[in-house]
Amino acid sequence: MKILKSEKGYALFLTVLIIVLFGILTVSLLTIVMSGVSKNTIREDVTQAGELSEKGLQRITNQINHDIQNNIPEKGVSETQFITLFEHVLQHYQCPEAGTEYPVKAAGETGTYQACVDRWEDESESGTLKKVVIKSTGKVNGKEKTIETTVLMGADGYPVPLKYVLSTNASEACQQDAKQCTGGEGNLFIHGSPTIKGNMKVDRNLIVSDMAFTPARAEDYLLKEAYWIESILPDAKDSEIELGGSIYKYELPNHLKGYSLVKNREKLNAYNAHISRDEFRSSEYKELDNIADAFQDHAPIIEEKELFRDDVKITEIIEKFKYHYTDPGVIQINSADFKLFEGHRTFKNLKNRRPLYGYFCAKGIFFDCFLNLDRTYTGKFYLVGNNNDFHKFAVSQDLHIGRELIDIFNEGIKIKIN
647 MKILKSEKGY
657 ALFLTVLIIV
667 LFGILTVSLL
677 TIVMSGVSKN
687 TIREDVTQAG
697 ELSEKGLQRI
707 TNQINHDIQN
717 NIPEKGVSET
727 QFITLFEHVL
737 QHYQCPEAGT
747 EYPVKAAGET
757 GTYQACVDRW
767 EDESESGTLK
777 KVVIKSTGKV
787 NGKEKTIETT
797 VLMGADGYPV
807 PLKYVLSTNA
817 SEACQQDAKQ
827 CTGGEGNLFI
837 HGSPTIKGNM
847 KVDRNLIVSD
857 MAFTPARAED
867 YLLKEAYWIE
877 SILPDAKDSE
887 IELGGSIYKY
897 ELPNHLKGYS
907 LVKNREKLNA
917 YNAHISRDEF
927 RSSEYKELDN
937 IADAFQDHAP
947 IIEEKELFRD
957 DVKITEIIEK
967 FKYHYTDPGV
977 IQINSADFKL
987 FEGHRTFKNL
997 KNRRPLYGYF
1007 CAKGIFFDCF
1017 LNLDRTYTGK
1027 FYLVGNNNDF
1037 HKFAVSQDLH
1047 IGRELIDIFN
1057 EGIKIKIN
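Its first residue numbered 647, the sequence shown is counted upward by one per residue in our numbering.
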């Protein structure tokens, strides 16, 4: 009997021990499971907060770009105006002081985000391209995630002075209303077959012709003649063009063609009216849909117009290239050949690598140049010949590049500038 009672007591103890152990294991397992669920929830909140902060970055970046683009007119703005606009937009989205609202914020089903511009600095010397530091914070169920990133914003492809080999400019009033344009403003006329190497900018219309206009070499004297000569269309290899208007081909009327002393004044008047035209509705102007039809073998690629453009300081740029006949290394020259009537103001087949300065010498039949030198001459100078090769050439007044006095019919002219 004693043995049986002892065995029953031991069995009871084992049963209770097993129950206690399983209870502890169950509680521990539940604790671990609940802890994992809690950590997963926290991690999910942080992840969602990070996603919201990224949305904030994307939104403020898009908003800044939109505001800049929306405030730039179709005709573009100057570099100075662009920088002022750019910085004004950045200031609008700058991070606020404590207790004030953020410039960009949003709330959704999962949480909220807010974003702002912390600071910025110039990336380019011009100030048109900037490094912008943006902060964005996402918040979900009290959990926050802040992202700080640096974004390059602005524009780095702005035009610079002398970027274009050919360019025209129209006033703001002209670009807004064609009726305000005067004297062919903003149009580019290309007559004959120049070869253009480099980019072009035309604020309004491009007009080409396979005829070339030339005034007579003796137009200031006895022979009064100006006429159009047959040529071909221009050529523009490896070139781009920013075109603000349309493309036209000028078909010269028959009565203006050919050589005739009688029609000189009529031709001059027609030419001046042609280059001063602001509309091209008459029959001699054919509008072209394809720019390739306006050029002989190689046509420029039409590019989008720049959103903004440089303040071209014309006076300062001219001064950089200007030189005087008294400057070191400058060679003073006049015409090597005697010219009846016109004196020594015609230069032919110049060949020199040093800076050249042409001056006027009213040399007649019997007088030497030193007795007739006039550095204050206000008339035209002429450059002729088909074998010119020089580096720099300057005159004090207008320079007419064309044919010689004795060339009643056209003679070619060639100029190589290195």
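Glycine included, C-beta positions come from ideal geometry on N, C-alpha and C. Source: prediction; values computed, not measured.
Asked, Found
"To the nearest whole angstrom, what separates the beta carbons of residue 784 and residue 750, a pair I think is in contact under 8 Å?", "The Cβ separation is near 12 Å, so there is no contact."
"In whole angstroms, give me the CA-to-CA distance for residue 809 and residue 967.", "15 Å"
"How is residue 923 classed by DSSP in three states: helix, strand or coil?", "coil"
"Looking at the structure shown, is residue 879 part of a helix, part of a strand, or coil, going by DSSP?", "coil"
"Does the structure place the region 929 to 942 close enough to the region 875 to 882 that three or more beta carbon pairs sit under 8 Å?", "yes"
"Among 727, 884 and 856, which one has its Cα closest to the Cα of residue 896?", "856"
"Please state the DSSP three-state secondary structure of residue 967.", "helix"
"Using a threshold of 8 Å, state whether the C-beta atoms of residue 843 and residue 903 are closer than that.", "no"
"For residue 972, which of 1040, 924 and 945 has the nearest alpha-carbon?", "1040"
"Checking the sheet assignment: what are the DSSP bridge partners for residue 731?", "Looking at the DSSP assignment, residue 731 forms no beta bridge with any residue, so it has no partner."
"Kindly identify the DSSP beta-bridge partner or partners of residue 998.", "1036"
"Identify the continuous alpha helix (DSSP H) that holds residue 938 and give its terminal residues.", "Per DSSP, residue 938 belongs to no alpha helix (DSSP H) and is neither H nor E."
"Express the C-alpha separation of residue 927 and residue 1047 in angstroms, rounding to a whole number.", "32 Å"
"What's the gap between the Cα of residue 661 and the Cα of residue 757?", "52 Å"
"Taking DSSP as the reference, what is the three-state secondary structure of residue 695?", "helix"
"Are the beta-carbon atoms of residue 764 and residue 781 separated by less than 8 Å?", "yes"
"Nearest by alpha-carbon distance to residue 732: which of 1036, 800, 1028 and 825 is it?", "800"
"Is it buried or exposed for residue 814, if we count other Cβ within 10 angstroms and need 16 for buried?", "buried"
"Give me the DSSP bridge partner(s) of residue 834.", "852"
"Assign residue 738 to one of three DSSP states: helix, strand, or coil.", "helix"
"May I have the straight-line CA-CA distance separating residue 834 from residue 775, to the nearest angstrom?", "32 Å"
"Once the 5 residues before and after residue 787 are set aside, which same chain residues still bring their CB inside 6 Å of it?", "691"
"Measuring alpha carbon to alpha carbon, tell me which residue in 944, 827, 936 and 859 is nearest residue 915.", "859"
"Following a CB-centred definition, is residue 715 positioned closer than 7 Å to any heavy atom of the ligand GTP?", "Of the ligands one can find in the structure shown there are none, so the ligand GTP has no counterpart to examine."
"Identify which residue in 919, 1003 and 845 has its Cα closest to the Cα of residue 1068.", "No answer is possible for residue 1068: it lies beyond the span of the chain, which begins at 647 and ends at 1064."
"According to the neighbour-count rule (16 or more other Cβ atoms, all chains shown, within 10 Å of its Cβ), is residue 766 buried or exposed?", "buried"
"Nearest-angstrom Cα distance between residue 946 and residue 831?", "22 Å"
"In three-state DSSP terms, what is residue 758?", "strand"
"Can you check DSSP and say which residues form a bridge with residue 784?", "759 and 791"
"What's the call for residue 890, buried or exposed, on a 16-neighbour Cβ count within 10 Å?", "buried"
"In the DSSP assignment, find the beta strand (DSSP E) that holds residue 752 and state where it starts and stops.", "750 to 753"
"Comparing alpha-carbon positions, which option in 705, 744 and 795 lies nearest residue 752?", "705"
"Is residue 922 buried or exposed, if buried means 16 or more other CB atoms sit within 10 Å of its CB?", "exposed"
"Residue 851 to residue 838, Cα distance in whole Å?", "17 Å"
"With 16 as the cutoff for other CB atoms within 10 Å, does residue 807 come out buried or exposed?", "Low per-residue confidence applies at residue 807: pLDDT is 42, beneath 50, and the placement is therefore not dependable enough to give any value."
"Pull up the DSSP beta-bridge partners for residue 949, would you.", "888"
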